[in-house]
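Numbering (our numbering), first residue to last: 938 to 1335.
To keep things clear, I will list the structure first and then write my remarks on it.
Listed below in structure tokens is the structure:
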């Protein structure tokens, strides 16, 4: 029996699809300092496994959405999951930091399929604020995964070492394959008739970019996730390497940040019908700027030690939960016949920007913890400024 729209089961499955990418990263975050030691590399070398994932993820964004618009969501989704499984095996048995970095890039290529197609399926099934509410509900469920993953990753790291975290990711992906094959229906109503080629895909992206409001919402999505990835990229080195947390303690601290994200998605679900998607985004960008600036102040003054990093990050993450689902839904709304392509391009920009931010943080953290809040506060303020100056464009939705 196939899953039906407007059911918790459908929402949960779509959420698990979009959680695959974050899960495959969050599982091994507590292991990064150990990877530095075992692989005889440095902070920048270990961080490169994160940025390589985002570059691979960005490459996948170009293909999966347009392919699924033409061929259907389910077959393309299964191909992406298959690539992910093979690459995760390669990660688990990687003999060197170079091999791990390369395997992570291919792993990301596969992981980008489920997250693109999960969001495109939302656009297939729902309209307007209902789509924004569904993405927020998915974010709330999805948030439980990265809340648990670093804790479990810390336990696996202490018990079995860093390779075991990739084995856990492999098991999760295999379970998703079974769910897609047995339960998930095809959601594309009318398949695209455009011929598939790289030139056609690029032209399609050009059509999307002609819409000024689309450009604004893509920018807001990229900025919100960029700050989040700065924390994902640098937090283990700051909290474990500088503040002396154990891997399990780090996992719990990371889970506290995720609770902030879940709170943001819950608030979004309650407010979107009353305040609209832009109203929710406005609240979100204020949390992004506030969280980044408070963290910067705490690190500059040494106030509260590791809590001066973790607590402001929870506020920033709440802003991500408010901003990203509504911005993603708003970006897709003008393009019902190009939902896959719109999601792909949004994700492409999001991942390329975040990969560059991650590389910057990875190299800068050699000199202490300050670069992390500096980057996050700058990104949070930029998101707030973009939202303010784009009021007329968003109001016109043109």
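We put the CB at the ideal spot given by N, CA and C, even for glycine.
Exposed unless 16 or more other CB atoms sit within 10 angstroms - verdict on residue i
i, result
"residue 1284", "buried"
"residue 1238", "exposed"
"residue 1207", "exposed"
"residue 977", "exposed"
"residue 1181", "exposed"
"residue 1326", "exposed"
"residue 995", "buried"
"residue 1146", "exposed"
"residue 954", "buried"
"residue 1333", "exposed"
"residue 1135", "exposed"
"residue 1127", "exposed"
"residue 1045", "buried"
"residue 975", "exposed"
"residue 919", "Examination of residue 919 is not possible in this model, given that the chain is present from 938 through 1335 alone."
"residue 943", "exposed"
"residue 1096", "exposed"
"residue 1335", "Because the pLDDT at residue 1335 is just 48, under 50, the model does not fix this residue reliably, and the point stays unresolved."
"residue 946", "exposed"
"residue 1240", "exposed"
"residue 1059", "buried"
Simplified DSSP assignment, three categories, for residue i
i, result
"residue 977", "coil"
"residue 1335", "Because residue 1335 carries a pLDDT of 48, less than 50, the predicted location of this residue cannot be relied on, and the following value inherits that uncertainty. Note: residue 1335 maps to coil in three-state DSSP."
"residue 1006", "helix"
"residue 1327", "coil"
"residue 948", "helix"
"residue 955", "helix"
"residue 1126", "coil"
"residue 1001", "helix"
"residue 1306", "coil"
"residue 1272", "coil"
"residue 965", "coil"
"residue 991", "helix"
"residue 1098", "coil"
"residue 1143", "helix"
"residue 1249", "helix"
"residue 1311", "helix"
"residue 1242", "coil"
"residue 1121", "coil"
"residue 970", "helix"
"residue 942", "coil"
Proximity test, residue i beta-carbon vs the ligand PLP heavy atom, cut-off 8 Å
i, result
"residue 982", "Only the bare structure without any ligand can be found here, which leaves the ligand PLP out of the picture."
Could you tell me which whole alpha helix (DSSP H) segments of length 4 or greater appear in the stretch 1010-1089?
1010-1029, 1034-1062
Cβ contact check for the stretch 1072-1090 and the stretch 1002-1013: 3 or more pairs under 8 Å
no
What are the complete beta strand (DSSP E) segments, minimum 3 residues, inside the stretch 1168-1240?
none
I'd like to know if the stretch 1231-1245 and the stretch 1103-1114 are in contact, where contact means that at least 3 CB-CB pairs between them fall below 8 Å.
no
Taking contact to mean 3 or more Cβ pairs, one atom from each stretch, closer than 8 Å, check whether the stretch 1301-1316 and the stretch 1165-1182 are in contact.
yes
Three or more beta-carbon pairs under 8 Å between the stretch 1020-1032 and the stretch 1160-1178, yes or no?
no
Could you say if the stretch 1259-1267 and the stretch 1057-1069 meet the contact criterion of at least three C-beta pairs nearer than 8 Å?
yes
Is the stretch 1183-1191 touching the stretch 963-972 in the sense that three or more CB pairs, one from each, lie closer than 8 Å?
yes
Stretch pair the stretch 1036-1051 + the stretch 1153-1160: three plus CB contacts closer than 8 Å
no
Segment contact, 8 Å Cβ cut-off, at least three pairs: the stretch 996-1004 with the stretch 1073-1082
no
Evaluate contact between the stretch 1190-1198 and the stretch 1244-1252, counting only Cβ atoms and requiring at least three cross-stretch pairs below 8 Å.
yes
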